[in-house]
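Position in the sequence shown (first residue = 1) + 119 = the numbering used here. What follows is one structure encoded as structure tokens, with my remarks underneath.
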Amino acid sequence: MNVKAQKINAEYERFNATGDKYIQSGLAMSPDRKYIAVATTQSYPLYIIDYVNRKVINKFDVGNWYAGSRVSWSAGGKYVILQQLYYHDFSKNKDREVSFEIVDAASGRSVLRLDKYHDVKISPDEQHAIALSGNTIEFRNLSNGKVERSFSVGDATNSLSISPDGKTIAVSEKPGDKFLSTDPQFR
């Protein structure tokens, strides 16, 4: 597939892939750029759409949060991660624990559901879910859901990220008074 960047707002294509009238809450393109995962509101399904042929290839009953979910793919495209949304929650940086569900992208099988977490990512080798809840980071085995190891990060909040090689984890943290006193705009 040949992909190029949009240069002006007139260079786009609209298509109704699902044919349904559901409000879409999130979408993400697969790493291989062949599929789009589309989440909808009011507990309606997650769609997997063949982007090239503009057809729904799968429709899964997962997530099931009234306001829908954000969607992301694992690095290899094996899993789709759904993050619970709220209608009145427009800030990605709000310190709120929500639910996450990891779904097998091919079968629609729910692999792991985590409630009251800040963020969840899939390791690049697609073997573990790395989850942040409070100050604790957990490594959960995706084949059995068990926590294999965990550690604490002081003042952790909201989000984490994993390097492409899986060797480094970055965690956002709450700025303390000591840190803020060193920044001239907060003095």
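Think of the CB as a built atom: it goes at the ideal place given N, C-alpha and C, for glycine as much as any other residue.
What's the C-alpha gap between residue i and residue j?
{"i": "K104", "j": "R215", "result": "Any question about residue 104 goes unanswered here, given that the chain covers just 120 to 306."}
{"i": "Y141", "j": "N254", "result": "37 Å"}
{"i": "Q143", "j": "S300", "result": "43 Å"}
{"i": "A289", "j": "S278", "result": "8 Å"}
{"i": "A136", "j": "A275", "result": "39 Å"}
{"i": "L251", "j": "Y185", "result": "23 Å"}
{"i": "E132", "j": "N172", "result": "13 Å"}
{"i": "N177", "j": "I167", "result": "5 Å"}
{"i": "S72", "j": "Q202", "result": "Missing from the structure shown is residue 72; the chain here goes from 120 to 306 and no further."}
{"i": "I155", "j": "Y163", "result": "16 Å"}
{"i": "K297", "j": "F305", "result": "11 Å"}
In terms of residue numbering, what span does the beta strand (DSSP E) encompassing residue i cover?
{"i": "K174", "result": "174-179"}
{"i": "L261", "result": "Note, L261: premise wrong, no beta strand (DSSP E); not H, not E."}
{"i": "D151", "result": "No beta strand (DSSP E) holds D151; DSSP gives it neither H nor E."}
{"i": "L279", "result": "275-281"}
{"i": "L231", "result": "229-236"}
{"i": "S300", "result": "S300 -> not in any beta strand (DSSP E); alpha helix (DSSP H) instead, spanning 296-300."}
{"i": "S191", "result": "188-192"}
{"i": "V290", "result": "288-292"}
{"i": "I168", "result": "165-169"}
Could you check which residue in the options has the C-alpha nearest to that of residue i?
{"i": "G285", "options": "I155, E245, N183", "result": "E245"}
{"i": "S191", "options": "L165, G273, N183", "result": "L165"}
{"i": "G273", "options": "K265, S262, S291, G264", "result": "S291"}
{"i": "I241", "options": "A147, N183, Q304, P283", "result": "P283"}
{"i": "Y205", "options": "R189, A194, A224", "result": "R189"}
The ligand GDP and residue i: does any heavy atom of the ligand fall closer than 8 Å to the residue's C-beta?
{"i": "T287", "result": "Only the bare structure without any ligand can be found here, which leaves the ligand GDP out of the picture."}
Which whole-angstrom value is the C-beta distance of residue i and residue j, which I expect to be below 8 Å?
{"i": "Y170", "j": "K153", "result": "6 Å"}
{"i": "G227", "j": "F179", "result": "3 Å"}
{"i": "H247", "j": "N260", "result": "6 Å"}
{"i": "I281", "j": "I249", "result": "6 Å"}
{"i": "V199", "j": "A224", "result": "5 Å"}
Taking 7 Å as the limit between beta carbons, can you name the residues of its chain near residue i, skipping five residues before and five after?
{"i": "S229", "result": "V181, E220, V222"}
{"i": "T159", "result": "Y141, I142, Q143, S144, G187"}
{"i": "K265", "result": "R259"}
Could you pull out every residue in the same chain whose Cβ sits closer than 8 Å to the Cβ of residue i, ignoring the five residues on either side in sequence?
{"i": "F134", "result": "R173"}
Who are the Cβ neighbours of residue i in its own chain at under 6 Å, not counting the five residues just before and after it?
{"i": "M148", "result": "I155"}
{"i": "D238", "result": "L251, S278, L279"}
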